[in-house]
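These notes concern the structure reproduced below.
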Amino acid sequence: MPRDRLIKLATIGIAAGAFSALFGVGGGTVIVPLLIFWLAYGERQATATSLSAIVIIGAAAAAGHGLYGNVDLGNAVLLAGPAVIGVVIGVSLQQRIPERVVSLLFAALLIGVAVELIVP
Amino acid sequence: MAELLTALFALIGGAIGGVLGVGGGIVFVPALAIILGEPQLQAEATSLLAIVPVAIVGTWRQHRHGNVRVRDGLLIGVLAVPGVVIGVIVANAVSERALELGFAGLMLFVASQLIRRALRGEKPPPAPPADSS
Chain Z
22 MPRDRLIKLA TIGIAAGAFS ALFGVGGGTV IVPLLIFWLA YGERQATATS
72 LSAIVIIGAA AAAGHGLYGN VDLGNAVLLA GPAVIGVVIG VSLQQRIPER
122 VVSLLFAALL IGVAVELIVP
Chain S
1124 MAELLTALFA LIGGAIGGVL GVGGGIVFVP ALAIILGEPQ LQAEATSLLA
1174 IVPVAIVGTW RQHRHGNVRV RDGLLIGVLA VPGVVIGVIV ANAVSERALE
1224 LGFAGLMLFV ASQLIRRALR GEKPPPAPPA DSS
């Protein structure tokens, strides 16, 4: 693998890892755009490869937070069950719908929740 | 009732994860914090654990469509570990309010990126040939 490519992958990884552990997300919001703009990935390849990296990142970050005693196992299970069904639906949808529609709906949801968090 | 609503959000979070290639944490964290009333730090940690099975199943499904570049994914994941260590330490050192505001900022940033991308409607550059891994 060319050195330049390895450095880009390492930068994406470290940034995604820090983001992930700090904010409790997988890091896909960092990984997907960087794969597209730096490494010329297509959207589907970027989102698919991002998910595979998140397996490792999420496990490492959950383990780290687990050491501090922050993880609520019961609630994690409550989320994971329906979410696993959701991701199967999502991947299947991704192969046939315009991503723009999903992006705009998701953006609206994020703005609503951000306002809820900011207002004390 | 709160549990049912949380489960619904989890379903949506998973579906968004599948479509956008994220783990769903950006939906899980607020669901845990706002609906179930978990403190922000605990919500983030719990979200991370819930993300793992979602990412495993999502990767498996995407792999069937031939979209996963396994070697790049593994490299990013392994090289992320130092970043994870830094993130865990910082998250536990700063205040709840700082985490909440930081997370809200992240959401607004992601929303703006999504809107810009959708409105521009620009096609991403063509993918290079899939690597052999």
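In order, the protein sequences belong to chains Z and S. The C-terminal position of the first sequence is numbered 141 in the numbering used here, with every residue numbered one higher than the one before it. The C-terminal position of the second sequence is numbered 1256 in the numbering used here, with every residue numbered one higher than the one before it. The beta carbon of each residue, even a glycine, is placed where N, CA and C say it ideally should be. The model shown is predicted, which means the values in this text are computed figures rather than measured ones.
Legend entry - Pairwise C-alpha distance: His-1188/S and Gly-38/Z: Our two residues, Gly-38/Z and His-1188/S, have alpha carbons roughly 26 Å apart in a direct line.
Legend entry - Where Pro-103/Z meets chain S, residues with beta-carbon distance less than 7 Å: Chain S residues near Pro-103/Z: Ala-1130, Ala-1133, Leu-1134 and Gly-1137.
Legend entry - Under 7 Å between C-beta atoms of Ala-81/Z and Val-1207/S: Yes, these two residues count as a Cβ contact at 7 Å.
Inset, instruction - Give a yes or no on whether the minimum CB-CB distance between Leu-1202/S and chain Z is below 7 Å. - result: Yes, its Cβ sits closer than 7 Å to a Cβ of chain Z.
Inset, instruction - Could you work out which residues of chain S lie near Ile-28/Z, taking near to mean beta carbons separated by less than 8 Å? - result: Correct list: empty, because the minimum Cβ distance to chain S is about 10 Å.
Legend entry - Alpha carbon of Leu-1128/S to alpha carbon of Val-1213/S, nearest angstrom: Using only the alpha carbons, I get a separation of about 31 Å.
Legend entry - Cβ shell of Val-92/Z (< 8 Å), same chain only, five flanking positions each side left out: Excluding five sequence positions before and after Val-92/Z, the CB atoms of its chain that fall closer than 8 Å to its own CB belong to Ala-83 and His-86, given in chain order.
Inset, instruction - For the alpha helix (DSSP H) holding Leu-100/Z, just list the boundary residues, first then last. - result: Per DSSP, Leu-100/Z belongs to the alpha helix (DSSP H) from 94 to 115.
Inset, instruction - Go through its chain and collect everything with a Cβ distance to Val-1150/S's Cβ below 7 Å, but skip five positions before and after it. - result: Within the same chain, and ignoring the five residues on either side of Val-1150/S in sequence, the residues whose Cβ sits closer than 7 Å to its Cβ are Phe-1132, Ile-1135, Gly-1136 and Ile-1139.
Inset, instruction - Select from Ile-1158/S, Gln-1163/S, Ile-1157/S and Leu-1143/S the residue whose C-alpha is nearest the C-alpha of Gly-45/Z. - result: Minimum Cα distance to Gly-45/Z is reached at Gln-1163/S.
Inset, instruction - Check whether the stretch 39 to 59 of chain Z touches the stretch 1225 to 1243 of chain S, taking contact to mean three or more Cβ pairs, one atom from each stretch, closer than 8 Å. - result: Yes: at least three Cβ pairs fall under 8 Å.
Legend entry - CB of Val-105/Z within 7 Å of CB of Val-1142/S, strictly: Not closer than 7 Å, so no.
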